[in-house]
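Let me begin by presenting the structure, written as structure tokens, before commenting on it.
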């Protein structure tokens, strides 16, 4: 695999940087005593000036070299073009001091990061770091399934998964250390919701303008968490200050948590909603009162994109490729019963589904509807659903593993489902045997307004598709 | 001075990269879509570069320039064309793959109930601020019909990006519009100020049809 060595090089480079830092004795701040829920803020004496569309402030730059394994995050602002070309003001967590404007120079999204058990911080879209990248996001199968014509056995614990921007992977046994630099003229925070002891939230605390704050989080239980700015809820989150933390056991990297389903590869889907009225007010430094000015989102995004951009059918080939790698589900058909989490053919091959980590940092109650296959929902907000003996929780949600063709996703919900990637049940034998190419199925949200953009552009909203690979695509 | 095109960020269908724009022929042919200003003005013999950033003095603004939060904007030219054969001004005398026209005699209409005309605009903007500003052609809307419906761009030849201090930009943009109705105004959604109304110059009606085989 062409990209394998480069990822290893990334890991080695990260370790070298860490060692260099150690040799230089640059980890001065690492000697600071911190608890697991450290929250502190300090103003830097080293400053750089930066003009802002909403204000002009003096902002902080790090005063020392990064200590070992610290992820530096900047709170930035800028404008992003929506699917219809409209520029909308955003705030976001970036990996560097943003330059305002639009696009990458604004640094409004954090590139995918992996914090290893050993303490390395590695920028990588792929996890596990040493696993093979699936070509164009599509994991090639191991071999044809001898018992089922036209179907395949998949490779076990072989393929890495591309993860979208705004994702941070934290390996169990490791510690997430974040230094937050606030470049904006009002206080901001980065809080990992529900990841602390007893489900508490771990935060940098409010970081003043031009100051830095720190967060230290020993890896909590494996699963999916949201990090965000909880300020003026939900306004700062809606403006773009959010991300997703995946806590993963590197020794069981193809299983999301103990007792969970083994998967061929996984996909992270982040739902987000954009309200230009709130954004315009925020860009001017005006207060946004979510009670007096209720949110009316006009753009609905999946992993940062909407409509034809979300579907990867633009003229931008790079964007199209990225969408296929990290968002648009794809796999070769396999005869699988995901209710039993699949079956093992031998040590290296199996019949497994793919894991969907569905996360809603936005504010709209989404209903993600899949065509082609139902999905098997197994986990929600830290609770692994029982296979038998299910029940209703206090809010009336079913707490049991279940088939769903529409997955409800409330604000701040985290839910895991397994998509079988199997022959659709209504595909007759004649049709199945005469396939000549991939079959593509839509995923759309049943909250119909979220299928639009700009107040009516349809289908310009939260849409995706998934592909059941055809018999001619790299079939062994 | 140059537009610093946002790299790696998706742009609407029909929006090319800065480099791509410069390499295209003036007639930008897209699947079922054509930037009609380029088509029309080329046919009329006008010298028209593709979307381009120029020095502020190289873009000649006319008498309809309007102040914006970052400088000025103006619709320099406007053109309308039927999308389907048999529409007003087509002269083909037959309909192809369309549904019959409405009571207003506006000619055959697309079967998917989208508007039957395309309106193309040549627009110029200039950044008079002393710093870069983000700019996207998608900020422009066309208001059409008696209810002044706001219509999102159908196509444009310029990507979202950053307009440098003192730079000016010409770009082409098309909208769908109801057949037979005169487009009223264009509105620029200015992220640094209130929306700005841009008056249209006299609209040229071009003969022929934009899409011969729209289904």
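Residue numbers (my numbering), protein chains in the order written: chain A, 676 to 1151; chain B, 263 to 477.
Glycine residues also receive a C-beta, built at the ideal position from the N, C-alpha and C atoms.
Keep in mind the model is a prediction, meaning the values are calculated, not measured.
The beta-bridge partner set that DSSP reports for residue 405 (chain B) consists of B:412 and B:447.
Taking residue 786 (chain A) as reference, the option from A:838, A:1015 and A:986 with the minimal CA-CA separation is A:838.
Rounded to whole angstroms, the Cβ separation of residue 397 (chain B) and residue 424 (chain B) is 7 Å, and the two are in contact under 8 Å.
For residue 423 (chain B), the C-beta contacts it makes with chain A under 8 Å involve 777 and 778, in order along the chain. The beta carbon of residue 934 (chain A) sits closer than 8 Å to the beta carbons of 1059 from its chain, once the five residues preceding and following it are set aside; these are given in chain order. The alpha-carbon of residue 465 (chain B) is positioned some 41 Å away from that of residue 1117 (chain A).
Between residue 1107 (chain A) and residue 1029 (chain A), the gap from beta carbon to beta carbon reaches 8 Å or more.
One finds nothing in chain B with a Cβ atom closer than 7 Å to the Cβ of residue 968 (chain A); even the nearest lies about 17 Å away. Here the alpha carbon of residue 437 (chain B) sits roughly 12 Å from the alpha carbon of residue 447 (chain B). Contact residues of the stretch 423-454 of chain B toward chain A are 423, 424, 451, 453 and 454 (C-beta to C-beta distance below 8 Å). Within chain B, the residues placing a beta-carbon under 9 Å from that of residue 958 (chain A) are 453 and 454, ordered along the chain.
In the same chain as residue 413 (chain B), and ignoring 5 residues on each side of it, the C-beta atoms closer than 7 Å to its own belong to 403, 404, 406, 437, 438 and 439, in chain order. Sixteen is the threshold: when 16 or more other Cβ atoms of the shown chains lie within 10 Å of the Cβ of residue 791 (chain A), as they do, the residue is buried.
Among the bridge pairs identified by DSSP, residue 1090 (chain A) is matched with A:1033 and A:1055. Around the CB of residue 816 (chain A), 16 or more other CB atoms lie within 10 Å, so the residue is classed as buried. Residue 814 (chain A) is positioned such that its CB atom lies closer than 8 Å to that of residue 939 (chain A).
Under the DSSP assignment, residue 958 (chain A) falls in the alpha helix (DSSP H) whose first and last residues are 951-958.
Of the candidates A:758, A:862, A:905 and A:802, the residue whose Cα lies closest to the Cα of residue 876 (chain A) is A:905. The residue from A:872, A:834 and A:1015 with its alpha-carbon nearest to that of residue 1023 (chain A) is A:834. Per DSSP, the unbroken alpha helix (DSSP H) holding residue 912 (chain A) starts and ends at 910-913.
Short of 6 Å from the beta carbon of residue 999 (chain A), and not among the five residues preceding or following it, lie these beta carbons of its own chain, in chain order: 811, 812 and 987.
When A:1080, A:1038 and A:928 are compared, the shortest CA-CA separation from residue 845 (chain A) is found for A:928. Residue range 992-1001 is occupied by the alpha helix (DSSP H) that includes residue 1001 (chain A). Spanning the alpha carbons of residue 1068 (chain A) and residue 1085 (chain A) requires a straight line of approximately 15 Å. Neighbours of residue 415 (chain B) across chain A, judged by C-beta separation under 8 Å: 759 and 760. Beyond the five residues adjoining it in sequence on each side, residue 333 (chain B) comes within less than 6 Å, by CB distance, of 388, 389 and 390 in the same chain, given in chain order. The beta carbon of residue 1016 (chain A) is closer than 7 Å to those of 936 and 937 in its chain, skipping five residues each way along the sequence. Around the C-beta of residue 418 (chain B), 16 or more other C-beta atoms lie within 10 Å, and the residue is accordingly described as buried. Assigned with DSSP and collapsed to three states, residue 1105 (chain A) falls in helix. According to the DSSP assignment, residue 902 (chain A) belongs to the beta strand (DSSP E) that extends over 898-903.
Among the residues facing chain A, residue 331 (chain B) is not included, as its CB has no counterpart in that chain under 8 Å away.
About 6 Å separates the CB atoms of residue 1094 (chain A) and residue 1048 (chain A); that is less than 8 Å, so the two are in contact. Chain-ordered listing is empty here: chain A has no CB closer than 7 Å to the CB of residue 408 (chain B), the nearest sitting near 17 Å. By the CB criterion at 8 Å, residue 453 (chain B) and residue 764 (chain A) fall inside the cutoff.
Counting along the chain, no beta strand (DSSP E) covers residue 983 (chain A); the unbroken alpha helix (DSSP H) around it starts and ends at 982-985. Within chain A, 776 have C-beta atoms less than 7 Å from the C-beta of residue 394 (chain B), given in sequence order.
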